[in-house]
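Here the structure is laid out as structure tokens; the discussion comes afterwards.
Residue numbers (the UniProt record's numbering): 1 to 305.
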């Protein structure tokens with residue numbers, strides 16, 4: 001990605017997850033010619049709710065020393081017990097208190113796909129006498145893009161969609177959608193969270209499988225059971241602050257957000273071109289055939305705030 005010239009402050013962004021370790025999918029491999037540990041862990045909150053968390057760390061730091069994070073994740077890989085490898089009684093109870101909200105983005109036939117993603121560098125194994133409180137929570141500072149009613153079958157559901165931007169480390173920025181369901185919270189957010197404002201929000205991370213069983217009567221014999229499974233993945237705001245005052249040092253400025261979004265568009269364009277670029281047979285070099293990436297500039301008309 002091109003060097004980001006914004007001075008965008010990294011937002012408060014934390015996810016806390018506690019549950020039973022359901023499955024580990026971690027491996028050591030070369031990433032950019034450097035040894036790293038990468039993969040996913042599944043944490044079970046209850047029988048219908050499992051959260052997948054991504055982890056990654058290079059083995060060596062920039063100073064050439066072994067990374068403490070790499071060492072810690074290796075301990076998880078080699079010593080932690082999961083339901084998949086053992087059973088529910090033997091599986092470790094684990095806690096994540098410094099997780100991050102993020103996104104997994106990729107292109108499919110030139111169309112950008114963006115999905116919420118959780119990540120962490122620290123996974124704590126609870127001791128037998130530690131209090132165990134299965135949960136999945138988040139808290140984050142966000143820049144409001146839009147607030148609109150959720151529609152289903154051309155009708156309002158009573159819930160609202162809050163589309164936001166979350167500033168990350170080193171000036172990066174990502175889009176992130178939240179849901180507001182509680183009627184009192186819906187009324188407050190609708191009346192106070194305007195496009196272009198900054199706020200602190202917190203709530204529940206939902207990742208559940210709902211099972212609906214329907215019996216179909218036939219002409220004879222036992223009724224046929226038709227099972228439909230629906231996965232619900234949502235980040236539901238249950239509370240938050242009043243919007244930050246415009247003069248508050250923590251309030252994000254439109255101009256800075258605009259710069260970060262321009263950098264994001266350049267990054268996405270480079271990512272798409274990299275995916276689409278055909279492999280070319282090496283034929284020396286050509287001083288005139290290369291062309292630089294055209295810089296994307298986001299105008300005020302492209303912004304909803």
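Just so you know, even glycine gets a beta-carbon here, dropped at the ideal spot from N, CA and C.
### Message
Our contact map puts residue 175 next to residue 188 with C-beta atoms below 8 Å; I'd like the distance itself, whole angstroms only.
### Response
In fact, because the Cβ distance is near 23 Å, the residues do not count as touching under 8 Å.
### Task
Please classify residue 209: is it buried, with 16 or more other beta-carbons within 10 angstroms of its beta-carbon, or exposed?
exposed
### Query
Taking Cβ to Cβ, would you say residue 108 is nearer than 9 Å to residue 181?
no
### Query
Below 8 Å, can you find three or more Cβ-Cβ pairs linking the segment 10-28 to the segment 85-104?
yes
### Query
Smallest Cα separation from residue 194: which of 106, 120, 143?
143
### Task
Measure the Cβ-Cβ separation of residue 62 and residue 44 and say whether it is below 9 Å.
no
### Query
Who are the near neighbours of residue 284 in its chain, counting only those whose CB is closer than 8 Å to its CB and skipping five residues on each side?
Interpretation of residue 284 is limited by its pLDDT of 46, a score under 50 that renders its predicted location unreliable; the figure taken from the coordinates is listed afterwards. Cβ neighbours of residue 284 beyond the five flanking positions: none.
### Task
Note down the Cα distance separating residue 333 from residue 26, rounded to an integer number of angstroms.
Nothing about residue 333 can be reported from this structure: the residues present for the chain run from 1 to 305 only.
### Task
For residue 249, count neighbouring C-beta atoms within 10 Å of its own C-beta (all shown protein chains included) and say buried if the count is 16 or more, exposed if not.
exposed
#### Entry: Distance CB(residue 88)-CB(residue 20) smaller than 9 Å
yes
### Residue from 78, 49, 135 with nearest C-alpha to residue 230
49
### Task
Would you check if the distance between the CB atom of residue 24 and the CB atom of residue 82 is smaller than 9 Å?
yes
#### Entry: Three-state secondary structure (DSSP) of residue 7
coil
### Task
Report back the beta-carbon spacing between residue 260 and residue 204 to the nearest angstrom; my notes put them in contact at under 8 Å.
With 8 Å as the limit, residue 260 and residue 204 do not qualify as a contact, their Cβ atoms being about 28 Å apart.
### Task
Measure from the alpha carbon of residue 125 to the alpha carbon of each residue in 72, 215, 111, then state which is nearest.
72
### Runs of alpha helix (DSSP H) wholly within the segment 49-87 (minimum 4 residues, chain order)
68-79
### Query
Which residues in the same chain have their Cβ closer than 7 Å to the Cβ of residue 8, if we skip the five residues on either side of it in sequence?
167, 171, 173, 256, 260
#### Entry: Rounded straight-line distance, which links the Cα of residue 270 to that of residue 32
17 Å
### Message
Taking the straight line between their C-alpha atoms, what separation do you get for residue 264 and residue 155?
### Response
34 Å
### Task
Let me know the secondary structure DSSP gives residue 131 once reduced to three states.
coil
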